[in-house]
Amino acid sequence: SDADNSYRCTAKHRLTGQVKTSATAGKLFVTESQGNVPAKILDSEKIVSAVVNGQAILSCVGQGHPPPAIKWFEKNEDGKLLPLTVDDRMKTTPLALIIRVVKETDSGVYVCLAENIAGSERKELTLNVKKPMEITLNAKNIKLESTEKQNLVCDIKATSDFTISWYRNGHLMPRNAGIRKLILDKSGIYQCFAQSEDEMVHAIAQVISGENQPKIIKKFEEKILNPGDNVHLECEATSNPIAKITWSLDDQNLSTVDVSINERKENADTIVSELILKKVTVENGGVYRCAATNEAGSDSFGARVNIYGKLGMRTMLQKTVVAGENFIVTCPYFGYPVSSLKWHKDSEILPIMFHQTVHENGSLSVSNVKKELHASDCISILSNRTFSVAPKIMPFSFQEDLLREGMRARLQCVVSEGDSPITIQWLKDNAIIPAELNINIQQIDEFSSILNIGQVTPKHNGNYTCKTRNAATTAAYSAILNVNVPPKIIPFAFVDDQFYKGMRAHITCAVSQGDPPLNFRWLKDDRPITSSSADVLTQQYDKYANSLSIESVSSVHTGNYTCVVSNRAVTVSHTAQLLVHAAPKIIPFSFQDDQLFVGVFARVSCVVYQGDLPITIQWSKDNHPLSTLEGVNVRQVDQFSSMLTIEKVQQVHSGNYTCTATNSAASASSTAILVVNVPPKIVPFTFQDGHLLEGMLVRVSCVVSRGDLPLNISWLKDNKVASQESSISVHNLDDYSSVLSIDPVTKKHDGNYTCVAKNMAGTDIFVASITVNELPKWVVKPNNTKIPIGRPAVMSCLTTGFPKPITTWYKVKGSDAQGVKNMVQNGNGYNLVKNGSLKIDHVNLQHAGYYFCLSNNTIGSISAMALLSITVPPQIHKKFQNNTVRKNDAVLFKCVAHGDRPMTFTWFANGQPITRANKMDGYLINQANDTGSETSEFAINKAERKDSTTFVCSVENSYGMENATFNLLKLPMRRKKLELIEANNRTVVVGWSEPYNGNSPINKYILQYKLTTDKWESGVRNLTLPGRKLQSAISNLKPSIDYHVRVIAANDIGLGLPSKEIQVLMPD
């Protein structure tokens, strides 16, 4: 899609914002790469300059297919290339190396390498790092003093040539260009600029003036006005610091309430104050004074404003004067005209002493004042004659500021005030109007008159005055008539109808008539031609002619050139067309590869980026037409471009291909060289033996059947350069063959061996593999193993070899290692693991024995035998027994255990071991063995009360220990004594104490009673009581009858013996 667009360059000025676009457009021709294209670097800068702490950009644009990788190196003093370390300061992009915060040590030679699988190219770029320019001024703040001269000195440190320029308040000081020392005479902001080819620096200083008292530099004149007029008084003062201006009328201060006062600052030293009165009355007359004051002093100026009207006097202010000083006082009167003004002191007319002076403006001054002579009141007396009201003319002007020849003009003079009789007279340029001007004057009445000009011409130009007079005075008012003649341009054109590049073009724009001043401007295609255009020059011959010259025309000068002339009357223009015939220009082109090889696709485009249509484009090869060359196709893309394509290049296509573009102006041509080289072709090969064994000699030859010399043949192993170790050697037989030998070959030599043949046309590769066969070898050999019964067991048998070995397990029948071997298969607790190991989840005695591991492949086999022993910890047949006996009964405990021998039996009573040293009387321990088990017997001849306890049999061997518990239980003992607690005629209460329980808690009592005449076996009666109760009542007995009573204790084992009976005789 990029090839469908036209491209133009646009530049924007950072300060002014002005944008310019290139006059011509570029077009991009995109072609698909056919095969691999070696990397190459497009033109880049060879030398790059940068300043310390600035930024340096080293451009490097690579091109090729596939897109090349860009690598950067730094060349040291010995010429060696060192890989560039990229960090936060140095950054690489596909287009450039960017160095931020440049250091002096960064200076040097940098190498850009563009590389892909088809080839590589490199270019060197030199980086020159310079110290930045430094600029300082001898002072940043300077105060000007009137007593001495002061200088501003610009000190610049730079390593290259530079120019100096000075600016004051932002404006260039051209007279001071190039000097370092500036003599100061004015205040302001001063800037010194130093500019070299690469950079620009500047420094700034402020210059202020020293203190000086105010000086009024612009004053106003005395005025005579009519009531209703407007007054504008302006006062300008300069000082440092800037002054404050106040206004007064006859020595009385004025404020903005009384008048309108406007102020503005012209600069840091100058202030302007304006006093404005609209529609004045006679009372506004008097002496107006402006006073400028600052810390250094003051200055003032005053002038009288006279306004026609009746005389009047303001109140005079009291003045206090120090004896010996001078003073001046103004007479505060208003009204005009004044016939006389007199000063009186104590009824005497002044002056009466030589130091008293009455001035023409009516003020009185006294020098060297003395108290005894002057301490009194002075008065002024004004008088005027009876007078008429002066005439006043209403302002008028011609109805158009710009009157053109042939238009009508009219003025009307109206006297708005003034006593009769009034006369009105018209003058031109202060003289009587000549009759030949054909000006008609019409008197409307005593107070108005009209001046008519039917058709104005330049001879009517002038100042027209209406002058009116009465008994009081004369008044006049004037209007200026300017008759403007429009300019007329003499038609012009470029002399030659056809211009070619390099010719000179000239036109003159002359005005045959028109009032000056005339303003000339030139446009090209309706855009102004600026004075900065170096190739287009304009020149003012005189005030009526201006010329445009182009010393050497080119196609960019084609266009419409317009001369625009204007004066006060009108603006006119005339246009001439300049047509520059441009010769064709061809964009230089080349084939996508400097050298192409046979069979690939090639294409080249010829693009004419400049030149007048029609353009004819033709191709030739070695100065011969292409029509005789097969396989070459030419296609006209558009009016400006043609494309040449070769689908499959052959050797015959090598040569110089020329594109020639021709138009009416000239011809142009461009040539590209096509070099077709034959790439290498490798004859397929294999290693000589398909069954290689370690220790053999291996040799293979790489032969190139065709390809241009020089040829480079190299070997790779697994895509890495084959190392020239002691067992690998490479020998080149001739320019077209290479032999790789491995002696002896081992398993580490397994891999893919690549022969790479390369020439200028291309690269060819062929790959052959080596696989070395290997006998099985032990990684983990089976070992004798002992495993407790019931636990999991793993017997390892890990081997390596090629082809991969197969592992088989056998179990030897019986206990003899030389017995019959049976193959072990999955099941019966066996699990054959993929890595060759044998796993038994839960071993038992049947798993014990000799196992045989066999590992074999097609090359050979290895085997090993290991013994699996099953260890059995003691296991007691019956781990818990309860024995119930009566006193003096014989007791026998049997502790039968299975397990690996020897086993040790230990008996415990009440937690204490019974040994020969502490064996108790009446205990007997005996041990008996048989084939499958061992038995320990514990005997008690006569059981006694103390034997009612827990006995433990503990059996231990090398692989564990186990216990069995034997509880000896007895019936409760007989209660020896039964007590009679209470007896009445029908109830008795008996009690007893708890007997020995026989190592088992008593859970009930049976209380028995009968008549003494009865037997216990037949006539007994029972009362069952809970085991916690130790007394009970027997009710419903017969009086005067004898009874026998006894109690029997019972536990979980059974009933104990009855207690001794007691006889109870029931009362009457």
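Numbering of the sequence shown is given in the numbering used here, commencing with residue 1 and proceeding in unit increments.
Note that CB positions come from ideal geometry on N, CA and C, so glycine has one too.
Apart from sequence neighbours up to five positions away, the residues of its chain that approach residue 1046 with a beta-carbon distance below 6 Å are 1008, 1058, 1059 and 1061, ordered along the chain. Contact check for residue 845 and residue 806: beta-carbon distance about 30 Å, past the 8 Å limit, so the pair fails to qualify. Contact check for residue 153 and residue 141: beta-carbon distance about 15 Å, past the 8 Å limit, so the pair fails to qualify. Following the DSSP letters along the chain, one finds residue 610 inside the beta strand (DSSP E) bounded by residues 602–610. Straight through space, the alpha carbons of residue 868 and residue 786 are spaced by roughly 6 Å. In the three-state reduction of the DSSP assignment, residue 329 falls in the strand class.
In this structure, DSSP gives residue 106 a helical state, which the three-state scheme calls helix.
CA-to-CA, the gap between residue 697 and residue 727 works out to about 10 Å.
Taking C-alpha positions only, residue 441 is separated from residue 276 by approximately 37 Å.
In the assembly as shown, residue 200 is an exposed residue. Its beta-carbon has fewer than 16 other beta-carbons within 10 Å. Closest option to residue 875, judged by alpha-carbon separation, among 938, 957 and 687: 957. In the displayed model, residue 845 falls within a helix according to three-state DSSP. Shown here, residue 311 sits in a strand according to DSSP, grouped into three states. In the displayed model, residue 487 falls within coil according to three-state DSSP, outside both helix and strand. Inclusion of residue 707 and residue 648 in the CB contact set at 8 Å is not warranted, their separation being larger than that value.
For residue 417, the uninterrupted beta strand (DSSP E) segment begins and ends at 409–417.
Taking a contact as a CB-CB distance under 8 Å, the pair residue 799 and residue 824 does not count as one, their CB atoms being some 17 Å apart. Ranking 712, 694, 687 and 421 by CA distance to the CA of residue 700 puts 687 first. Among the bridge pairs identified by DSSP, residue 171 is matched with 168.
Taking all protein chains in view, the Cβ of residue 133 is crowded by 16 or more other Cβ atoms within 10 Å, so the residue is classified as buried. If the five residues before and after residue 596 are omitted, its C-beta is found closer than 6 Å to the C-beta atoms of 602, 649 and 676, all from its own chain and listed in chain order. In summary, residue 692 is buried, with 16 or more beta-carbon neighbours lying within 10 Å of its beta-carbon over all protein chains present. Residue 557 places its beta carbon 8 Å or farther from that of residue 498. Residue 424 counts as buried, since at least 16 other C-beta atoms from the protein chains shown sit within 10 angstroms of its C-beta. DSSP places residue 937 in the uninterrupted beta strand (DSSP E) bounded by 934–940. Short of 8 Å from the beta carbon of residue 829, and not among the five residues preceding or following it, lie these beta carbons of its own chain, in chain order: 840, 841, 842, 843, 844 and 847.
Residue 52 is classed as exposed because its beta carbon has fewer than 16 other beta carbons within 10 Å across all chains shown. For residue 1022, the uninterrupted beta strand (DSSP E) run begins and ends at 1021–1026, by DSSP. Between residue 75 and residue 101 the beta-carbon gap is near 22 Å, outside 8 Å, which marks them as no contact. With respect to the 8 Å criterion, residue 895 and residue 936 are classified as neighbours on the basis of their beta carbons.
Distance from the CA atom of residue 833 to the CA atom of residue 849, rounded to whole angstroms, is 20 Å.
The count of Cβ pairs closer than 8 Å, one atom from the segment 897–908 and one from the segment 986–995, stays below three, leaving the stretches out of contact. DSSP links residue 83 through a beta bridge to 73. Following the DSSP letters along the chain, one finds residue 767 inside the beta strand (DSSP E) bounded by residues 763–770. Looking at the backbone, the Cα of residue 522 and that of residue 256 are separated by about 52 Å. Residue burial annotation: residue 271 is buried, with at least 16 other C-beta atoms found within 10 angstroms of its C-beta.
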